[in-house]
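Protein chains in written order, with the numbering used here: chain A, 2 to 421; chain B, 2 to 421. Down below is the structure, laid out as structure tokens.
There are 2 protein chains.
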Amino acid sequence: MAHDTILTGSNISKVRSHNLRAILVGLLRYPSLSRAALARMTGLSNTTITNLVAELVHEGIVVEQGVEEPSPRRRVGRPQMLLRLVPEARYAVGVSIGVGRTRVALTDLRATIVQDEVWAHPHDQPARQAVDTITLRASSMLKRLGVTSRQLVGLGVGASGLVDPEMGVNVYAPNLGWRDVPLAQWMAEALGGLPVVVDNNVRAMALGEALFGQERQPTALAFVYGRIGVGAGLVVNGQIYRGSAAGAGEIGHTTVVVQGGERCRCGNAGCLETLVSEPVILRSAEQLAQLEPQGILATTLRCEAGPTIERVFAAARAGDRSTMAMLQERAMYLGVALANLVNVFNPERIVLGGVFAQGYDLFMPTLVETVSHRAFANLGEKVQFQTPSFGHLAGVVGAAALALESFFYQHPEWALEVTR
Amino acid sequence: MAHDTILTGSNISKVRSHNLRAILVGLLRYPSLSRAALARMTGLSNTTITNLVAELVHEGIVVEQGVEEPSPRRRVGRPQMLLRLVPEARYAVGVSIGVGRTRVALTDLRATIVQDEVWAHPHDQPARQAVDTITLRASSMLKRLGVTSRQLVGLGVGASGLVDPEMGVNVYAPNLGWRDVPLAQWMAEALGGLPVVVDNNVRAMALGEALFGQERQPTALAFVYGRIGVGAGLVVNGQIYRGSAAGAGEIGHTTVVVQGGERCRCGNAGCLETLVSEPVILRSAEQLAQLEPQGILATTLRCEAGPTIERVFAAARAGDRSTMAMLQERAMYLGVALANLVNVFNPERIVLGGVFAQGYDLFMPTLVETVSHRAFANLGEKVQFQTPSFGHLAGVVGAAALALESFFYQHPEWALEVTR
DNA sequence: CTATTTTGTTCGCTTTCTTGATTAATTAAT
DNA sequence: ATTAATTAATCAAGAAAGCGAACAAAATAG
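Structure (structure tokens):
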């Protein structure tokens with residue numbers, strides 16, 4: 002039965018919270034709206050909108066912005082009093098736990114980062130210690146900024162590996178060396194019972210992009226992230242789609258080469274991960290550099306600074322033919338996998354993060370061509386590609402989005418209700 | 002904006018319909034429930050349940066079945082009065098428009114078929130004529146059975162090809178030779194304004210299986226249908242998932258052979274359809290039969306009666322090695338595609354319909370092995386395979402399910418409201 | 001300066017669910 | 001056999017929410 006929304010009864014107070022959320026989401030999507038516009042949008046009466054808005058204004062979440070500018074469109078009648086969401090009325094904390102890095106950020110209601118900090122952590126740091134560092138840094142950041150628990154909607158955690166969001170447990174994270182870490186419980190305890198939402202980091206990124214990205218909200222979005230492995234977070238109608246066993250979006254193990262592919266760490270052969278992840282690209286690049294010790298690639302790898310992967314991309318951009326060809330081949334394989342993703346999931350947009358964002362310009366031509374060619378009919382041409390709206394902050398913003406999502410969309414009893 | 006459920010305001014009367022639906026869905030899923038059990042399940046008060054049930058009883062949709070049997074579990078207290086859905090209180094019409102066949106059926110509220118009829122239609126029959134035949138036959142069936150429009154919840158149509166459910170239009174059906182046929186409008190006009198829901202036939206089958214199949218309701222289900230082409234219908238939480246451009250589940254065009262595959266009618270090469278559809282299997286079988294004119298396959302094809310594809314399967318069952326090997330190879334390719342489906346969509350169950358159901362026993366061993374081997378981690382082992390609960394009636398039952406779904410789950414103003 | 005239009009508010013009404021008391025029907029214990 | 005305990009279902013009173021109608025506010029059009 003799980004928590005079947007259809008079997009759960011409704012009542013008047015739920016109607017009220019739903020309507021409050023409708024108003025808030027409307028004000029989240031549009032920069033400003035009048036009460037009349039809200040009434041038209043929601044189908045509620047003017048009376049109801051007046052009453053609910055009064056409460057939101059009282060809470061400081063909404064503010065009257067002043068009267069509408071006179072415009073040629075509006076002809077007669079009393080001008081609208083425009084309402085605006087006050088982003089800094091509440092805050093969310095986002096925590097992104099990556100492979101060697103942890104990042105914590107405070108964001109406002111629009112998921113705009115107020116402050117953030119990053120630090121490296123040792124590769125085999127015990128989970129408990131990592132969590133203690135996080136909670137310590139988070140609470141000192143909150144104290145420093147003078148954010149009280151009353152102003153916080155919650156804390157979201159995006160962690161790599163297999164995560165159980167119901168339990169708030171990081172079930173298995175090989176890259177971190179963790180197993181069954183009760184992240185939500187530990188963090189909530191350390192932070193005085195703050196609501197904590199935990200999910201996989203790529204899924205969090207996908208949610209952040211879908212809800213708070215620059216483009217309009219998509220009906221279906223895939224956030225494809227490549228680094229050590231390759232995975233996708235899927236969002237449908239503003240909600241994370243996890244599949245029946247939290248396995249949705251595991252495209253890193255799409256079989257791209259049916260016969261005689263390279264062995265993958267998952268046990269199979271010919272997986273996408275064996276063809277396009279960061280380590281694999283680096284390995285190929287090294288081989289190419291050895292073949293041409295005086296080539297652009299080899300010299301760039303020797304002389305330039307910065308992350309190795311960036312140097313490989315730089316060499317391709319500088320005109321190294323063999324590197325370019327190697328990357329185009331990778332892009333073709335990624336394209337085959339994404340065409341399959343398109344045929345199954347049919348997203349409106351695909352966001353490419355991680356290495357794919359770093360080498361976006363290099364991958365795109367071949368990728369777009371492969372996808373529009375291999376996907377069914379014109380599905381491949383309809384899908385839009387983009388880089389993450391929040392760049393390398395996609396992780397924390399996504400994590401914060403987990404908390405913001407339950408504030409705006411899910412949670413029936415939120416901060417507002419407490420005060421009444 | 003489309004029809005964003007979050008932006009739509011709610012009110013008390015919607016609460017009431019929601020609660021009525023919660024009760025109905027509960028009674029749909031369990032053979033019988035007491036008022037007290039319904040109260041616990043929905044979280045509503047006993048009083049509310051009493052009132053709402055009274056209405057449903059008054060409408061004849063629910064009936065008191067008698068007092069609970071004394072059991073060791075129940076110890077003290079007044080025994081529960083068990084309530085039961087009356088399936089024959091309302092009916093739905095399902096229309097399945099296949100390649101050379103149309104089937105119409107009347108079902109009750111549990112999607113059990115009361116009566117059905119099939120007929121063949123000429124391959125290039127004009128759409129208008131086909132629709133006229135359908136509505137004529139449907140209304141004469143209704144008249145014959147004495148079903149009034151008051152007792153009907155609606156009519157569902159499952160049609161092959163690309164369908165726009167919002168508009169009720171069959172946009173493009175190459176197998177039928179149709180383009181932009183306004184099925185919903187034509188049928189509603191001919192049937193006195195009966196609510197008509199139109200969708201793709203495989204999606205309808207998936208819905209029928211998910212809502213009314215023998216197994217418990219899955220969180221995510223894929224119905225894979227193979228005949229001329231191969232496609233999948235996806236259902237998530239009891240709702241059809243269509244993707245952003247109605248392209249979700251087009252697995253027939255999964256690229257299985259990356260380099261040098263056979264050309265597909267979609268323009269690409271190496272698509273799943275070029276490897277496992279009915280025509281392709283028949284073609285391979287003919288080639289095998291020519292190689293061994295005295296083999297089991299060749300003689301079976303010559304002598305036996307029935308559809309050719311069945312004779313191919315019969316030959317394999319009778320021990321024809323080369324046919325068996327050929328089918329196993331097909332199963333392997335299907336397995337690769339389904340493993341990718343599992344990695345992206347992660348369904349709880351995969352239902353195999355069409356040719357895959359006919360040759361289920363022959364495909365399964367290789368298929369299961371390939372999927373559990375190639376899908377990520379243990380995702381492939383977790384997924385359950387099955388044949389359609391409604392066999393060759395999956396099409397009509399699914400079509401009826403389209404109408405029943407809007408009765409049970411969607412439609413805010415349903416037959417009930419009219420009488421109050 | 002008046003009519004018109006659109007926005008926003010106040011008041012009384014209707015609808016629905018809930019709480020708490022009450023009745024009903026059974027088992028367990030004295 | 002009688003009483004207490006327990007669970008199921010109903011009744012009566014009350015609370016909460018949204019709605020429609022009337023009204024006030026603030027602009028334009030003529």
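Ideal Cβ placement from N, Cα and C applies to all residues, glycine included. If you're wondering where the values come from, they're calculated on a predicted model, not measured in any experiment.
Proximal residues of chain A, C-beta to C-beta of residue i below 7 angstroms
{"i": "Arg22(B)", "result": "Ile7"}
{"i": "Glu349(B)", "result": "Ser245"}
{"i": "Phe377(B)", "result": "Gly248, Glu251, His254 and Cys267"}
{"i": "Gly432(B)", "result": "Within the shown structure, residues of chain B are numbered from 2 to 421, placing residue 432(B) beyond reach of any answer."}
{"i": "Thr367(B)", "result": "Result: empty, since nearest Cβ-Cβ is about 14 angstroms, beyond 7 angstroms."}
{"i": "Ala340(B)", "result": "Thr256"}
Candidates the options: closest to residue i by CA position
{"i": "Gln186(A)", "options": "Trp179(A), Val197(A), Arg180(A) and Asn176(A)", "result": "Val197(A)"}
{"i": "Val94(A)", "options": "Thr149(A), Arg129(A), Glu56(A) and His59(A)", "result": "Thr149(A)"}
{"i": "Thr324(A)", "options": "Arg350(A), Ala306(A), Leu283(A) and His254(A)", "result": "Leu283(A)"}
{"i": "Ala221(A)", "options": "Ile297(A), Ile351(A) and Arg104(A)", "result": "Ile351(A)"}
{"i": "Tyr226(B)", "options": "Cys265(B), Leu335(B) and Leu328(B)", "result": "Leu335(B)"}
{"i": "Met475(B)", "options": "Ala326(B), Gly234(B) and Gly169(B)", "result": "Only positions 2 to 421 of chain B appear in the structure, and residue 475(B) is not among them; the question remains open."}
{"i": "Leu380(A)", "options": "Ser33(B), Gln215(B), Ile252(B) and Arg228(B)", "result": "Ile252(B)"}
{"i": "Gln260(B)", "options": "Glu167(A), Phe391(A), Glu330(A) and Phe213(A)", "result": "Glu330(A)"}
{"i": "Val16(B)", "options": "Thr255(B), Leu45(B) and Ala90(B)", "result": "Leu45(B)"}
Rounded separation between residue i and residue j - CA only
{"i": "Val203(A)", "j": "Leu177(A)", "result": "15 angstroms"}
{"i": "Arg375(A)", "j": "Ser11(B)", "result": "44 angstroms"}
{"i": "Leu417(A)", "j": "Asn341(A)", "result": "Residue confidence is low: Leu417(A) scores 44 on pLDDT, short of 50, so the model does not pin down where it sits. Its coordinate-derived value is still stated next. Whole-angstrom Cα-Cα distance: 44 angstroms."}
{"i": "Ile120(B)", "j": "Ala131(B)", "result": "The question names Ile, but residue 120(B) in the sequence shown is Trp. Each residue's alpha carbon lies about 11 angstroms from the other."}
{"i": "Pro175(B)", "j": "Val164(B)", "result": "12 angstroms"}
{"i": "Gln385(A)", "j": "Leu339(A)", "result": "12 angstroms"}
{"i": "Glu210(B)", "j": "Pro280(B)", "result": "26 angstroms"}
{"i": "Ala430(A)", "j": "Asn201(A)", "result": "With chain A running from 2 to 421 in the structure shown, residue 430(A) is simply not present."}
{"i": "Phe346(A)", "j": "Gly354(B)", "result": "20 angstroms"}
{"i": "Ala401(B)", "j": "Gly157(B)", "result": "5 angstroms"}
{"i": "Pro413(B)", "j": "Leu28(A)", "result": "Per-residue confidence for Pro413(B) stands at a pLDDT of 44, beneath the threshold of 50, marking its modelled position as unreliable; the derived number appears in the next sentence. Answer to the nearest angstrom: the Cα atoms are 26 angstroms apart."}
{"i": "Asp109(A)", "j": "Arg151(A)", "result": "14 angstroms"}
{"i": "Ala139(B)", "j": "Gly399(B)", "result": "16 angstroms"}
{"i": "Arg104(A)", "j": "Gln116(A)", "result": "11 angstroms"}
{"i": "Gln411(B)", "j": "Leu86(B)", "result": "18 angstroms"}
{"i": "Val358(B)", "j": "Thr388(B)", "result": "Going by the sequence as given, residue 358(B) is Ala instead of Val. Rounded to whole angstroms, Ala358(B) to Thr388(B) spans 6 angstroms at the Cα level."}
{"i": "Gly366(B)", "j": "Ala378(B)", "result": "With the sequence shown as reference, residue 366(B) is identified as Pro, and Gly is not the correct amino acid for it. Answer to the nearest angstrom: the Cα atoms are 19 angstroms apart."}
{"i": "Cys272(A)", "j": "Ala160(B)", "result": "36 angstroms"}
{"i": "Val182(B)", "j": "Gly162(B)", "result": "11 angstroms"}
{"i": "Pro32(A)", "j": "Gln218(B)", "result": "41 angstroms"}
{"i": "Ala270(B)", "j": "Glu263(B)", "result": "5 angstroms"}
{"i": "Leu302(A)", "j": "Thr309(A)", "result": "7 angstroms"}
{"i": "Arg266(B)", "j": "Ala247(B)", "result": "20 angstroms"}
Under 7 angstroms from the C-beta of residue i: neighbouring residues of chain B
{"i": "Ala221(A)", "result": "Gly244 and Ser245"}
{"i": "Asn47(A)", "result": "Residues of chain B passing the Cβ test: none, with the nearest at roughly 12 angstroms."}
{"i": "Asn12(A)", "result": "Val16"}
{"i": "His19(A)", "result": "Ser11"}
{"i": "Tyr410(A)", "result": "Ile7"}
Chain-ordered neighbours of residue i on chain A, where CB pairs are closer than 8 angstroms
{"i": "Val337(B)", "result": "Thr256 and Val259"}
Element boundaries [beta strand (DSSP E), containing residue i]
{"i": "Leu273(B)", "result": "Leu273(B) -> no beta strand (DSSP E), and no H or E assigned at all."}
{"i": "Glu410(B)", "result": "According to the sequence as given, residue 410(B) is Tyr; it is not Glu. Per DSSP, Tyr410(B) belongs to no beta strand (DSSP E) and is neither H nor E."}
{"i": "Glu382(B)", "result": "Run containing Glu382(B): none in the beta strand (DSSP E); it sits in the alpha helix (DSSP H), Leu380 to Lys383."}
{"i": "Gly354(B)", "result": "Arg350 to Gly355"}
{"i": "Gly234(B)", "result": "Val231 to Val237"}
{"i": "Gly67(A)", "result": "Val63 to Val68"}
{"i": "Ser245(B)", "result": "Premise fails: Ser245(B) is in no beta strand (DSSP E) and is neither H nor E."}
Listed by chain order, chain B residues near residue i by CB distance under 8 angstroms
{"i": "Phe346(A)", "result": "Gly244, Ala249, Val345 and Phe346"}
{"i": "Gly209(A)", "result": "In chain order: nothing, as chain B lies at least about 18 angstroms away."}
Heavy atom of the ligand ZN within 7 angstroms of residue i beta-carbon
{"i": "Gln240(A)", "result": "Ligands in the displayed structure: none, and consequently the ligand ZN is not present."}
N- and C-terminal bounds of the alpha helix (DSSP H) containing residue i
{"i": "Ala55(B)", "result": "Asn47 to Glu60"}
{"i": "Ser18(B)", "result": "Ile13 to Arg30"}
{"i": "Val398(B)", "result": "Ala395 to Glu406"}
Exercise. Whole alpha helix (DSSP H) runs in the stretch 124-206 of chain A with 4 or more residues, listed along the chain?
Worked result: 128-146 and 184-191
For this session: Enumerate, from N- to C-terminal direction, the unbroken alpha helix (DSSP H) stretches of 4 or more residues contained entirely within the stretch 298-375 of chain B.
Result: 309-318, 322-346, 356-359 and 361-375
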